[in-house]
Each structure stands twice: as structure tokens, then as C-alpha cells.
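Below you'll find the structure, written out as C-alpha cells, and then a few comments.
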Amino acid sequence: VMLFFFVMAACNEKYKPKVGHQTSYTIILGSLISVILWFGFGDSRVEIYKFKQNLFFDFLLPPIILSSGFNMRRKKFFENIGNVAIFGLCVTFVCFALYSLMGYLAIQ
9 VMLFFFVMAA
19 CNEKYKPKVG
29 HQTSYTIILG
39 SLISVILWFG
49 FGDSRVEIYK
59 FKQNLFFDFL
69 LPPIILSSGF
79 NMRRKKFFEN
89 IGNVAIFGLC
99 VTFVCFALYS
109 LMGYLAIQ
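Each residue of the sequence shown is one higher than the one before, starting from 9 at the first, in our numbering.
Structure below.
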């Protein structure tokens with residue numbers, strides 16, 4: 009599936025289609041593979057291919073975030089730096105307060 013993603017990225021770069029993105033094509037391919045596995049092999053074989061959260065958070069999410077940050081328009085980001093900073097500080101404070109409260113309630 010990853011190889012398909014990279015091939016589709018190269019095709020998108022070369023042919024520049026009006027609709028679609030390599031991510032869309034990869035999601036469609038993954039869905040087709042899932043349907044084939046589900047109806048072709050049943051429940052017993054599908055358990056082997058069950059989604060693992062650790063795999064996603066450790067190996068798949070970091071490249072997604074890196075790609076998003078790398079492709080971000082710097083001018084737009086710095087035009088909104090005030091909003092980004094306020095949002096970041098507020099969310100950090102809210103998370104700190106909630107985790108502190110939950111921790112306090114858990115030990116009571």
C-alpha cells in the first residue's frame with residue numbers, strides 16, 4: 009500500500025490530474041483490500057490484519073505530521089502566529105487543568 013502511495017504521488021506530479029490526491033487513491037485501495045479480505049477469508053484471517061494503535065502512533069503519524077508541516081505555507085502560518093500561540097497556550101492550560109483535576113480525583 010505504501011508503494012502504491014508513492015507511485016501515485018509520482019503519477020500525480022507527472023500528470024497533474026484535476027481531481028484526486030494520492031491519499032484518496034490509497035484510501036480507496038485500502039478499502040478494496042479490506043473488503044476482499046473480509047469477504048474472501050472471513051473473520052479468522054481478518055484478525056491477523058487488525059489495526060494496531062501503536063503502529064499508527066509510532067510509525068505512521070510522524071511522517072504525516074512532518075509532511076503537513078513541510079508543505080505548510082509559511083506566510084499564512086506567520087500571518088496567524090498570534091492565533092496559533094493563543095490557541096496553543098489555552099489548550100495547554102486547559103489540558104494541564106483537566107489532567108491535574110483527574111489526577112487529584114483519582115487519588116481521593
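Think of the CB as a built atom: it goes at the ideal place given N, C-alpha and C, for glycine as much as any other residue.
Nothing here was measured: the structure is a model prediction, and the numbers come from that model.
Between the alpha carbons of phenylalanine 13 and valine 27, how many angstroms are there, rounded? Here the alpha carbons of valine 27 and phenylalanine 13 stand approximately 16 angstroms from one another.
Residue range of the alpha helix (DSSP H) that methionine 16 falls in? For methionine 16, the enclosing alpha helix (DSSP H) covers residues 10-23.
Span of the alpha helix (DSSP H), counted from its first residue to its last, around methionine 110: It spans 89-115 - the alpha helix (DSSP H) in which methionine 110 sits, taken as one unbroken run.
Taking the alpha carbon of alanine 33 as the point to measure from, which residue in Gly111, Met16 and Phe86 has its own alpha carbon closest? Inspection of the sequence shows that residue 33 is occupied by tyrosine rather than by alanine. Closest by alpha carbon: Met16.
Might you give, ordered along the chain, the residues of its own chain that have their beta carbon closer than 7 angstroms to the beta carbon of asparagine 79, omitting 5 neighbours on each side? Once the five neighbours on either side are set aside, asparagine 79 has no close Cβ partner at all.
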